Amino acid sequence: MKIFTANQIYKADKFTIEKQQIPSDALMERAATQLFEWIHSRLQGAEVTIQLFCGIGNNGGDGIALARHLKEADYNIQVHVVNYSEKRSKDFLLNLERLKDRKIWPEFLNDDCVMPEISPNDIIVDAIFGIGLNRAPSEWVGKLIEHINASQAFVLSVDIPSGLPSDRMPWNTDHVIRASYVLSFQVPKLVFFLPETGVYQNQWELLDIGLDAEFLVKEEVDYEFMTQFDVQPIYRPRLKFSHKGTYGHAVIVGGGYGKIGAVQMAANACLSIGAGLATTFVPECGYHSLQTALPEAMVLTDAEDDYISEIKIPFKPNAIGIGMGMGTKEETVQAFGKFLKEVDLPLVIDADGLNILSQNPKLLNEIPKLSILTPHPKELERLIGEWKNDFDKLDKAKTFATKHDIVLVIKGAHTITFYGGKGYVNSTGNPGMATAGSGDVLTGMITGLVAMGYDSLPATVLGVYLHGLAGDIGASLVSYDALKATGIIENIGKAYLELFKRPEPQEGKGA
Ligand SMILES: NC(=O)C1=CN([C@@H]2O[C@H](COP(=O)(O)OP(=O)(O)OC[C@H]3O[C@@H](n4cnc5c(N)ncnc54)[C@H](O)[C@@H]3O)[C@@H](O)[C@H]2O)[C@H](O)CC1
Ligand SMILES: [K+]
Numbered sequence: 001m002k003i004f005t006a007n008q009i010y011k012a013d014k015f016t017i018e019k020q021q022i023p024s025d026a027l028m029e030r031a032a033t034q035l036f037e038w039i040h041s042r043l044q045g046a047e048v049t050i051q052l053f054c055g056i057g058n059n060g061g062d063g064i065a066l067a068r069h070l071k072e073a074d075y076n077i078q079v080h081v082v083n084y085s086e087k088r089s090k091d092f093l094l095n096l097e098r099l100k101d102r103k104i105w106p107e108f109l110n111d112d113c114v115m116p117e118i119s120p121n122d123i124i125v126d127a128i129f130g131i132g133l134n135r136a137p138s139e140w141v142g143k144l145i146e147h148i149n150a151s152q153a154f155v156l157s158v159d160i161p162s163g164l165p166s167d168r169m170p171w172n173t174d175h176v177i178r179a180s181y182v183l184s185f186q187v188p189k190l191v192f193f194l195p196e197t198g199v200y201q202n203q204w205e206l207l208d209i210g211l212d213a214e215f216l217v218k219e220e221v222d223y224e225f226m227t228q229f230d231v232q233p234i235y236r237p238r239l240k241f242s243h244k245g246t247y248g249h250a251v252i253v254g255g256g257y258g259k260i261g262a263v264q265m266a267a268n269a270c271l272s273i274g275a276g277l278a279t280t281f282v283p284e285c286g287y288h289s290l291q292t293a294l295p296e297a298m299v300l301t302d303a304e305d306d307y308i309s310e311i312k313i314p315f316k317p318n319a320i321g322i323g324m325g326m327g328t329k330e331e332t333v334q335a336f337g338k339f340l341k342e343v344d345l346p347l348v349i350d351a352d353g354l355n356i357l358s359q360n361p362k363l364l365n366e367i368p369k370l371s372i373l374t375p376h377p378k379e380l381e382r383l384i385g386e387w388k389n390d391f392d393k394l395d396k397a398k399t400f401a402t403k404h405d406i407v408l409v410i411k412g413a414h415t416i417t418f419y420g421g422k423g424y425v426n427s428t429g430n431p432g433m434a435t436a437g438s439g440d441v442l443t444g445m446i447t448g449l450v451a452m453g454y455d456s457l458p459a460t461v462l463g464v465y466l467h468g469l470a471g472d473i474g475a476s477l478v479s480y481d482a483l484k485a486t487g488i489i490e491n492i493g494k495a496y497l498e499l500f501k502r503p504e505p506q507e508g509k510g511a
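Taken in order, the sequence shown gives residues 1 to 511; the numbers are from the UniProt record's numbering.
This is how it looks when you write it as structure tokens:
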């Protein structure tokens, strides 16, 4: 699913109005109808007070039109116009007239207004600013937003929490609505997925306002949100007349004294995702535990007992995952550097493989093209340097991936994969996956998919999605808190099955 910028949404708007030959307020009416139906199907006419805070742009217009629908269904409403500018939009004014025609007179809030009383039992509709916000809200509007945030009422934001710009950091973090729920139109907004800006909403959901399908299909975007619908076509079914050789031989290189488990989990995940064969390459000390814990895998050992000193693989594998539990001992750094020069297939590099790269930046030029790097935020910072904010992080990550022609995975609540100047935002996963070994499992899964013949980008996007989905299934069985990395591996099979269940209506999860 494409993630549009505000400008692209305006373009889609214009295109739709022209192609469908509808008046400009028709989209606002669709938006208001969808908002009303969402609310009405849940409240069923309940006697709760709904306080609508409407700006003077089209977001406010949506709110005003919604107020009319709510009134017609006999809801108990209070409408406030947050009068932050004299430049009222045409469709806002049109809907204000329609509201007045029904004898509803909104209260106009200005910079000298008394803050309206809000009970914690009220429902707030936040339609102050939408995607048109392009400068800091003035101080009194900021104070009104603080007042709403302090009310403890349920806050339903229209399109985007007011005060949150769609493509940059907020000017003042206190002057952004903390939404209980966001009903966003047609396409998700990038800010929902970033750690610093995703905190302004608990949950979001899309409402279809019928923007033109041709435009949605054709428009090129910088980011995509990878839903079940987007990931399904990547999957390649196993063939009837295939054998284990068809699904590739993966090698997992890593481990050290006390850190053999990382390799074991990666290799286990690699086989569980479907690789034909898996061989581990570990220091000698890992031999017995690996052979015992994972009988399906083969084991090659380094000459050293406790650490890796020379990486020798006596056959040509289809994929190599490297770095977990490997340490950054000088001999290991040398071995890793030498290996990078020799190897002629894309690698999946994680953990200490990444740490060695950031400590020895010259090695960055030796990374085989189309390799996949899977840093968590700290590892990413060591690789690309500090960032000012999430948007700066995305820019730096994109530049780094393009410069080295690699797939870069930024792990987190919504893992983002960069390749070819584009970012793919993952839709699965949960906080329970922030647990030891979760990253080793992901590396193993992606390595397995590469071994099976998937190209680097599809292997990564599919691997990240299934990893999150396996984690979601695991957490549904044992809770977020009790989920362990091995619990993710155990549910890879169920994740595959879930991938092909009938898609549910698009619903997002907040921060
Ligand atoms: N295609 C769609 O998705 C549709 C979306 N709709 C809704 O329209 C808004 C966007 O409306 P727009 O009028 O462009 O912007 P806002 O309502 O967000 O309004 C702000 C308005 O005020 C100016 N402004 C910006 N920042 C400030 C500020 N800090 N202080 C004062 N004034 C400011 C700016 O010039 C804007 O014009 C979208 O979010 C949806 O809710 C349509 O209803 C249907 C189609
Ligand atoms: K809003």
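Built from N, CA and C at the ideal position, the CB exists for glycine as well. All of these numbers come straight from a predicted model, not from anything done at the bench.
Beta-carbon spacing of residue i, residue j below 8 angstroms
{"i": "residue 514", "j": "Gly429", "result": "Here the chain covers residues 1 to 511 and nothing more, so residue 514 does not appear."}
{"i": "Asp126", "j": "Phe53", "result": "yes"}
{"i": "Ile356", "j": "Phe336", "result": "yes"}
{"i": "Leu194", "j": "Asp352", "result": "no"}
{"i": "Gly282", "j": "Gln291", "result": "For the record, residue 282 in the displayed sequence is Val; it is not Gly. No, the pair does not count as a contact, with Cβ atoms beyond the cut-off."}
{"i": "Ala275", "j": "Tyr247", "result": "yes"}
{"i": "Asn59", "j": "Gly142", "result": "no"}
{"i": "Ala396", "j": "Gly421", "result": "It should be pointed out that residue 396 corresponds to Lys in this sequence rather than to Ala. No; because the gap between Cβ atoms is not below 8 angstroms, this pair is not in contact."}
{"i": "Gly432", "j": "Ala475", "result": "yes"}
{"i": "Ser309", "j": "Thr328", "result": "no"}
{"i": "Val251", "j": "Pro317", "result": "yes"}
{"i": "Ser166", "j": "Val191", "result": "yes"}
{"i": "Leu109", "j": "His80", "result": "yes"}
{"i": "His249", "j": "Leu277", "result": "yes"}
{"i": "Ile273", "j": "Leu466", "result": "yes"}
{"i": "Tyr10", "j": "Ile50", "result": "no"}
{"i": "Pro377", "j": "Gly412", "result": "yes"}
{"i": "Leu497", "j": "Thr435", "result": "no"}
{"i": "residue 515", "j": "Ile488", "result": "No statement about residue 515 is possible, as the shown extent of the chain runs from 1 to 511 and does not include it."}
Beta-carbon proximity list for residue i, same chain, < 6 angstroms, skipping 5 on both sides
{"i": "Val348", "result": "Gly321, Ile372, Thr443, Ile446, Thr447"}
{"i": "Val182", "result": "Ser157, Gln201, Trp204"}
{"i": "Met265", "result": "Gly437, Asp440, Val441, Ala485"}
{"i": "Ala511", "result": "Because Ala511 carries a pLDDT of 40, less than 50, the predicted location of this residue cannot be relied on, and the following value inherits that uncertainty. Excluding positions up to five away in sequence, the list reads Gly198, Val199."}
{"i": "Ala12", "result": "Leu211, Phe215"}
{"i": "Ile416", "result": "Ile410, Gly423, Val425"}
{"i": "Gly286", "result": "Gly255, Ile260"}
{"i": "Thr302", "result": "According to the sequence shown, residue 302 is Asp rather than Thr. Within the same chain, Asp302 has close Cβ partners Pro283, Ile308, Ser309."}
{"i": "Asn360", "result": "none"}
{"i": "Trp387", "result": "Lys393, Lys396"}
Pick from the options that is closest to residue i, judged by C-alpha positions
{"i": "Glu219", "options": "Thr227, Arg236, Val187", "result": "Val187"}
{"i": "Thr279", "options": "Val461, Ile313, Leu211", "result": "Ile313"}
{"i": "Ile118", "options": "Gly412, Ser479, Ile77", "result": "Ile77"}
{"i": "Gly245", "options": "Ala495, Gly453, Thr5, Ile17", "result": "Gly453"}
{"i": "Leu27", "options": "His404, Pro375, Met324, Leu207", "result": "Leu207"}
{"i": "Ile128", "options": "Asn172, Tyr465, Gly63", "result": "Gly63"}
{"i": "Thr5", "options": "Ser272, Tyr223, Leu497, Ala65", "result": "Tyr223"}
{"i": "Asp350", "options": "Thr402, Ala293, Arg382, Ile50", "result": "Arg382"}
{"i": "Lys501", "options": "Asp455, Lys87, Phe229, Phe108", "result": "Phe229"}
{"i": "Leu294", "options": "Val253, Phe108, Phe315, Ala269", "result": "Ala269"}
{"i": "Asp112", "options": "Leu144, Ile50, Leu271", "result": "Leu144"}
{"i": "Arg236", "options": "Tyr480, Ala451, Lys338", "result": "Ala451"}
{"i": "Ala319", "options": "Pro377, Lys240, Ile473, Ala459", "result": "Ala459"}
{"i": "Ile148", "options": "Glu296, Pro120, Pro377, Ser358", "result": "Pro120"}
{"i": "Leu70", "options": "Val217, Asn7, Lys103, Phe36", "result": "Phe36"}
Residues of its chain near residue i, where Cβ-Cβ distance is below 7 angstroms and the 5 sequence neighbours each way are ignored
{"i": "Pro170", "result": "Gly163, Leu164, Val176"}
{"i": "Ile384", "result": "Lys396, Ala397, Phe400"}
{"i": "Asn172", "result": "Ala136, Gly142"}
{"i": "Lys509", "result": "Because the pLDDT of Lys509 is 46, which lies under 50, any placement of that residue in the model is unreliable, and the question is left without a value."}
{"i": "Glu47", "result": "Asn76"}
{"i": "His414", "result": "Phe193, Val425, Asn426"}
For residue j and residue i, believed in contact at Cβ under 8 angstroms, the rounded distance
{"i": "Ala67", "j": "His40", "result": "Actually they do not touch by this definition, with Cβ atoms about 13 angstroms apart."}
{"i": "Leu499", "j": "Leu469", "result": "7 angstroms"}
{"i": "Val461", "j": "Ile311", "result": "Not really, about 28 angstroms apart at Cβ, beyond 8 angstroms."}
{"i": "Glu196", "j": "Asp174", "result": "Not confirmed; about 14 angstroms, so no contact."}
{"i": "Ser427", "j": "Phe154", "result": "That pair is no contact at about 25 angstroms."}
{"i": "Asp101", "j": "Asp25", "result": "Their Cβ separation, rounded to whole angstroms, is 14 angstroms, which puts Asp101 and Asp25 out of contact at 8 angstroms."}
{"i": "Ser56", "j": "Tyr84", "result": "Before going on, a small fix: residue 56 reads as Ile here, not Ser. Contact flag correct, Cβ pair sits at about 7 angstroms."}
{"i": "Phe95", "j": "Gly130", "result": "Here residue 95 turns out to be Asn, not Phe, going by the sequence shown. The pair is not a contact, with the Cβ atoms about 14 angstroms apart (cut-off 8 angstroms)."}
{"i": "Ser456", "j": "Leu370", "result": "4 angstroms"}
{"i": "Ser180", "j": "Asp159", "result": "Actually they are not in contact, since the Cβ atoms of Ser180 and Asp159 sit about 15 angstroms apart, beyond 8 angstroms."}
{"i": "Pro375", "j": "Leu345", "result": "Contact flag wrong, Cβ pair sits at about 21 angstroms."}
Own chain residues within Cβ distance below 8 angstroms of residue i, not counting five before or after
{"i": "Ile209", "result": "Leu27, Arg30, Ala31, Gln34, Phe185, Gln186"}
Can you pull every residue whose C-beta falls closer than 7 angstroms to some heavy atom of ligand 2, listed in chain order?
Asn59, Asp126, Ala127, Ile128, Phe129, Gly130, Ser157, Val158, Asp159, Ile160, Pro161, Ser162, Ile177
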